[in-house]
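Working notes, beginning with the structure itself.
Numbering (this note's numbering), first residue to last: 35 to 779.
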């Protein structure tokens, strides 16, 4: 069966007589033919495509010009040339926040493997992480030795981030000579020696086809803030598919949360859970066949999948009775929020809603009805019951170079100091404790300046010595000896540096990509933790908190959120409570990795080669979670049913399916009905916050303006050749841009 949208690529196979005529003509023109002296201009392939956020195209080029090695030796072929051009107008380069209108492109041989050496230069992969509007990417496909078939894979991926309506157009051409690729009048003549298979996003996500006669292990991938599953987590999907072996694994991800990640964890998690139910009960391939399930979440996706697990247990109690939970994996996920590591102005921004409802929840804002943060309620009740039933629970955390989700929150607060020796001075062995708040020794000057001004108004906590901090969080080792530890030194995460690396990420060297032995071991800590490893819970005295009162608190006595934010001790206590709820009666495997910037995207390998520093992490994840025994029984404590009734009932009220659906509909309706140019700056008294829908409203406003300018420019520069084209242009100026909208419905 031919892939959808690829029929034109199979003309030589579908119409034999026409192909034979074209072949006879083309054979005289190709430089690897007997009549190469004729030097006629021609293209072997040319096609135009467009991609929206998360979408990609894969071009599989198959070249088979020789029948045997003797034929090859008698007339060695010259190379083929491929050109990928971003056909967007040059002014679109400036519209970064509106798009960006940028493409990622890579080309590699079909047998390329990240775990194998590539010694021959001709076989080394080539990539362009930022193909800007108007730019072209050229690559030479070399035939340096005889093969029955020469095969290459070319991936073109949208780099759009903020707007689902942005379309980036591009063109792919293949010719026998590079100079022919730049001539628009060159004739396109298909040849049977050169076949091009074109796969769009849905084709790629529906391959390989599972065996419906065997039980299926369903793996659900969940993306983070301002990200998408389609392209940002596709590398993980491919590697799991490749390593699945005899296990019948199907990897899926929910596409419908793209550009909606600011609407809150409840909104996002409930939609993921409903998607899982749809797959298991209505999907033609999976219906009735799924008997195992695993979850892998990156960044915010870790919290989203946690809520999805609770939602499934609360509203579909039959689900985890029929489907066995296997792996629960997070990659750089802010499991206890992102309050403690950030400067105070970032905390204020989160509570003000500059990242929408999601930012308020990550800032540990108290819920309206339960007077407790959602992240504190999340690990209780139904979540706790099901998390205990997973065979494996694993946290992957960036030890350095991640200012977006620092180590403190992605590792659930508590770690063994001995495992951190690779990051700094070797600590005294046998000590385990909470990751301390990092001191701003190497903070950027802008942060220090703003902090100095705000220190006059916000409550300040007296800086304690390292010994005091560690004494509060020491644990007892297996020998029941309590020891003090000295921390080796994890660099303070910098949000500014992380933002810079997102725009200008350091690129892996060619040696790193082609020589696996040149890659450092990035796993610096790998240990299983139990709640018995945690130190005793500390109880803060009320009078100690009252001493934190300052002028700012008194002036803002009516602002409950700011008052609670100003109490750093209160935030620490909440973080510790959240972390302990996750550790209660459960084993957690914590894997710390030391990646180069941009560590937050490298850990998930957002793009195959530009984020290649994360390859060892994905290899470790797959080796230790897939293809291993999934019939184990999870190790539980004796008191398996222990749950706090108050938190459990509070979470149960939040998980009511009908209520959540109504709330989700209200959020969707509000996003659709409010004027785009005003949503980002609403300051009405009845608004949830000053930025009720986050910065996406502002970005959408800018995007719409740029999109209209682009359309006007195209309509003025595009000259219709006849009256029919002119009428079609007037009736539908966006014709041809609606390629793959199904995933976002």
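Glycine included, C-beta positions come from ideal geometry on N, C-alpha and C.
query, result
"Go ahead and label residue 126 buried or exposed: buried means 16 or more other beta carbons lie within 10 angstroms of its beta carbon, across all protein chains shown.", "buried"
"For the segment 617-632 against the segment 238-252, do three or more pairs of beta-carbon atoms, one drawn from each stretch, fall closer than 8 Å, so that the two count as touching?", "no"
"Given a threshold of 16 other Cβ atoms within 10 Å of its Cβ, counted over all protein chains shown, does residue 109 qualify as buried or as exposed?", "exposed"
"Indicate, with yes or no, if the ligand SAH has a heavy atom lying under 7 Å from the CB of residue 120.", "Absence of the ligand SAH from the depicted structure is noted, as is the absence of any ligand whatsoever, leaving it without description."
"Roughly how far, in whole angstroms, is the beta-carbon of residue 208 from the beta-carbon of residue 114, given that I think they are within contact range, below 8 Å?", "6 Å"
"Using 10 angstroms around the beta-carbon of residue 571, count the other beta-carbons present and answer buried if the total reaches 16, otherwise exposed.", "exposed"
"Could I get the ranges of all uninterrupted beta strand (DSSP E) runs contained in the segment 121-200, with 3 residues as the minimum, in chain order?", "137-143, 160-165, 170-175, 184-192"
"Could one say the Cβ of residue 369 lies closer than 8 Å to chain B's Cβ atoms, at least one of them?", "Protein chain content of the structure displayed is limited to a single chain, and chain B is not contained in it."
"CA-CA distance, residue 365 and residue 430?", "5 Å"
"Near residue 284, which residues of its chain fall below 6 Å by C-beta distance, leaving aside the five closest residues on each side in sequence?", "244, 250, 252"
"Under the three-state reduction of DSSP, which class applies to residue 407: helix, strand or coil?", "strand"
"What residue range does the beta strand (DSSP E) around residue 358 cover?", "358-365"
"Grab the span of the beta strand (DSSP E) containing residue 563 for me, first residue to last.", "557-563"
"How many angstroms separate the CA atom of residue 633 from the CA atom of residue 223?", "46 Å"
"Check whether the Cβ atoms of residue 124 and residue 168 sit closer than 8 Å, and answer yes or no.", "yes"
"Could you say which of 139, 162, 641, 86 lies nearest to residue 199 if we only look at CA atoms?", "86"
"Quick one: what's got a C-beta closer than 6 Å to residue 328's C-beta in the same chain, skipping five residues either side?", "253, 360, 361"
"In the segment 87-120, which residue ranges form an unbroken alpha helix (DSSP H) of at least 4 residues, counting only runs that do not cross its ends?", "103-108"
"Among residues of its own chain, excluding the 5 on either side of residue 81, which ones have a beta-carbon nearer than 6 Å to its beta-carbon?", "206"
"Considering only C-alpha positions, which residue in the set 321, 546, 369, 624 is nearest to residue 642?", "546"
"With a threshold of 16 other CB atoms inside 10 Å of the CB of residue 103, please say whether the residue is buried or exposed.", "exposed"
"Measuring only the C-alpha atoms, how far is residue 568 from residue 190?", "47 Å"
"Could you check which residue in 346, 333, 419 has the C-alpha nearest to that of residue 371?", "333"
"By a C-beta neighbour count over all protein chains shown, 10 Å radius and 16 as the cutoff for buried, is residue 339 buried or exposed?", "buried"
"Among all the DSSP beta bridges, which residues are the ones paired with residue 352?", "According to DSSP, which records beta bridges pairwise, residue 352 is partnered with nothing at all."
"If you pair each beta-carbon of the segment 159-174 with each one of the segment 128-145, do three or more pairs fall below 8 Å?", "yes"
"Count the other C-beta atoms from every protein chain shown that fall within 10 angstroms of the C-beta of residue 350, then say buried if there are 16 or more, exposed otherwise.", "buried"
"I need the DSSP call for residue 340, collapsed to helix, strand or coil.", "helix"
"When DSSP labels each residue in this structure, what does residue 487 get in the three-state scheme?", "Unreliable positioning characterises residue 487 in this predicted model, as indicated by a pLDDT of 37, which lies under 50. The coordinate reading is nonetheless provided below. Three-state DSSP puts residue 487 in a helix."
"Mind checking which residues open and close the alpha helix (DSSP H) that includes residue 301?", "299-316"
"Give the secondary structure of residue 252 by DSSP, where H, G and I count as helix, E and B as strand, and everything else as coil.", "strand"
"Counting along the chain, where does the alpha helix (DSSP H) carrying residue 269 start and finish?", "268-277"
"Under 8 Å, with one C-beta from each stretch per pair, do the segment 605-616 and the segment 406-418 reach the 3-pair mark?", "yes"
"Just checking my contact of residue 392 with residue 295 at CB under 8 Å: how many whole Å lie between their CB atoms?", "6 Å"
"Only counting the same chain, and skipping five residues up and downstream in sequence, which positions put a Cβ closer than 7 Å to that of residue 246?", "319, 323"
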